[in-house]
Amino acid sequence: MHVVQYHKHMESPHKPKPLSTSLFYLFLLLSTNLLTLFISTNFYSSSSLCASDTAATAISASTTTAHTVTHPNLDDSRNTLDLPPEFLAFTSAQKLPFGFNTNMDSDHIIPPVGSPCTLFPNELRRYMTYKVNGSCPDDELLAQKLLLKGCEPLPRRRCRPAAPPEYVEPYPLPTSFWTTPSDKSVVWTAYTCKNYQCLIDRMKTQKGFDDCKDCFDLLGREKVRWTTVGTNLDFPIDEVLAVKKPGTIRIGLDIGGGVGTFAIRMKERNVTIITTSMNLNGPFNNFIAARGVIPMYISISQRLPFFDNTLDIVHSMHVMSNWIPTTMLHFMFFDIYRVLRPGGLFWLDHFFCVGDQLEDVYAPLINSIGFKRVKWVVGPKLDRGAELREMYISALLEKPLKNSW
Ligand SMILES: *[C@@H]1O[C@H](CO)[C@@H](O)[C@H](O)[C@H]1NC(C)=O
Ligand SMILES: *[C@@H]1O[C@H](CO)[C@@H](O)[C@H](O)[C@H]1NC(C)=O
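Under the working numbering, the letters of the sequence shown match residues 4 to 408, in that order.
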């Protein structure tokens, strides 16, 4: 349900430019990598914390290709980028107190940030400028923008995050599942709305697009999602669970899960679901947590933080659609396949695309992953008119139990 209409506020979602886009991403990828190596080489060699020869060994091991390229202009890069001291403090290689560690194959540890962080030095400086040991600035919007641009994971900070002055604790289970939490459990600075009633009413009272605009109304559409059938694109949860032996779907992930209703419905069936969500003009993560299920604040760009062959089910509704660059989507599908255990289910719920895209692009793309089709329903998306030839696919896909590799 998240990003239901994401494509509406993307610049030109219906005019794919495959070649130029791919080239652009390739360029971005290359330049990003080179820049990172460039910078990191510089950090290590100038960091007082690391013995320069060990650091140099570590670098040459991981960056053999770019090593020669990056060496000559170290000082120039340092001056132009002018990175904030707290960023350097966090990302510098840190010497391990007990020396060489065989798991890491190193006597240093290098805390990670998204490689594009340094491409946005101004935002990064604002984000990393704060009083050490003090309160962080109330800068959720800045942080999220930086993250969505690709600075993910964000660097850690040494300060306390903004919090409501008089926090109110959540309702107890199971009341919390379907009760709007207290306004005092949220810092509202980053959002147009300043309380939950405003979010509940915004479908009726506010013009313009908002991500998951009607989601906060727990008595509205949320109440019936995945329990009643609207069209044949809606698979009821119980039908999906019935595909497998009772009780064997136990843990999973909902990608871009709005206010966490999928996780709540699954929790009512003793299935534990983690819900990824951004806070796009609403406190989605706080809301999900207040309901009593686990929010995870990662964008769709991130490698999923689960090990191979571990989850029973991955669900995603609306988020994965034609607004995502095709190559990125291909990587995403493979990542989902990776984290699913053999026999695990991928429920692709209302994947959106237009006209010939399904046959030309998305069906082959999905077929290439290696899933078995359990259910595959294609239907028209009519909310903006039939002439746009918009369509949905809802699919239930299974990772093969045998020879999934
Ligand atoms: C923050 O706390 C640490 C640990 O006590 C201390 O070493 C450091 O000097 C403090 N920094 C500032 C800027 O107060
Ligand atoms: C969930 O688990 C509890 C405790 O094991 C059990 O009593 C309950 O019947 C289960 N509910 C469902 C829907 O399976």
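The beta carbon of each residue, even a glycine, is placed where N, CA and C say it ideally should be. No experiment lies behind these values; they were computed from the predicted model shown.
Note on geometry: alpha-carbon atoms of residue 243 and residue 160 lie some 42 Å from one another. In this structure, DSSP gives residue 374 a state outside helix and strand, which the three-state scheme calls coil. Taking residue 379 as the centre and dropping the five residues before and after it, the same chain places the C-beta of 398 closer than 6 Å to its C-beta, in chain order.
Beta-bridge annotation (DSSP): residue 98 is paired with 111. With a threshold of 7 Å, the Cβ atom of residue 306 does not count as near ligand 2, since no heavy atom of the ligand is closer than that. Distance check between residue 165 and each of 105, 143, 152, 340 places 143 closest, using alpha-carbon atoms only.
Note that the C-beta distance between residue 280 and residue 150 is not below 8 Å. Rounded to the nearest angstrom, the Cβ distance from residue 287 to residue 261 is 7 Å, consistent with a contact under 8 Å. Counting along the chain, residue 333 sits inside the alpha helix (DSSP H) bounded by residues 329-342. When the five nearest sequence neighbours on each side are left out, the beta carbons in the same chain lying within less than 7 Å of the beta carbon of residue 213 are those of 205, 284, in order along the chain.
With fewer than 16 other CB atoms across the displayed protein chains lying within 10 angstroms of its CB, residue 358 is exposed.
Straight across, the Cα-Cα distance linking residue 366 with residue 275 is about 30 Å. The alpha-carbon of residue 266 is positioned some 26 Å away from that of residue 394. Residues with their Cβ less than 6 Å from any non-hydrogen atom of ligand 2, running along the chain, are 272, 273. What you get when you keep residues with a C-beta closer than 5 Å to any heavy atom of ligand 1 is 135, 136.
The C-alpha of residue 132 lies about 9 Å from the C-alpha of residue 140. Contact check between the region 345-360 and the region 234-250: three or more CB pairs, one atom from each, fall below 8 Å, which counts as touching. Checking the DSSP bridge columns, you'll see residue 394 partnered with 356, 383. Taking residue 216 as the centre and dropping the five residues before and after it, the same chain places the C-beta of 205, 206 closer than 7 Å to its C-beta, in chain order. Spatial neighbours of residue 119 in its own chain (CB-CB distance under 7 Å, excluding positions within 5 residues in sequence) are listed in chain order as 35, 152, 153, 154. Judged by DSSP secondary structure, residue 257 falls outside any alpha helix (DSSP H) and instead within the beta strand (DSSP E) spanning 254-258. In the structure shown, residue 208 falls within a helical segment according to DSSP collapsed to helix, strand and coil. Residue burial annotation: residue 112 is exposed, with fewer than 16 other C-beta atoms found within 10 angstroms of its C-beta.
Residue 149 carries a helical assignment under DSSP once its states are collapsed to helix, strand and coil. Shown here, residue 269 sits in a helix according to DSSP, grouped into three states. In the displayed model, residue 219 falls within coil according to three-state DSSP, outside both helix and strand. Boundaries of the alpha helix (DSSP H) around residue 240: 240-244.
Taking the Cα positions, residue 105 is about 37 Å away from residue 138. In this structure residue 263 is buried. Its beta-carbon is surrounded by 16 or more other beta-carbon atoms within 10 angstroms.
CA-to-CA, the gap between residue 182 and residue 198 works out to about 14 Å. Listed in chain order, the non-local C-beta contacts of residue 392 below 7 Å within the same chain comprise 357, 358, local neighbours out to five positions each way being set aside. Residue environment for residue 343: buried (at least 16 other C-beta atoms within 10 angstroms of its C-beta). If the five residues before and after residue 337 are omitted, its C-beta is found closer than 7 Å to the C-beta atoms of 372, all from its own chain and listed in chain order.
In the assembly as shown, residue 315 is a buried residue. Its beta-carbon has 16 or more other beta-carbons within 10 Å. Going by C-alpha positions, residue 146 is about 18 Å away from residue 114.
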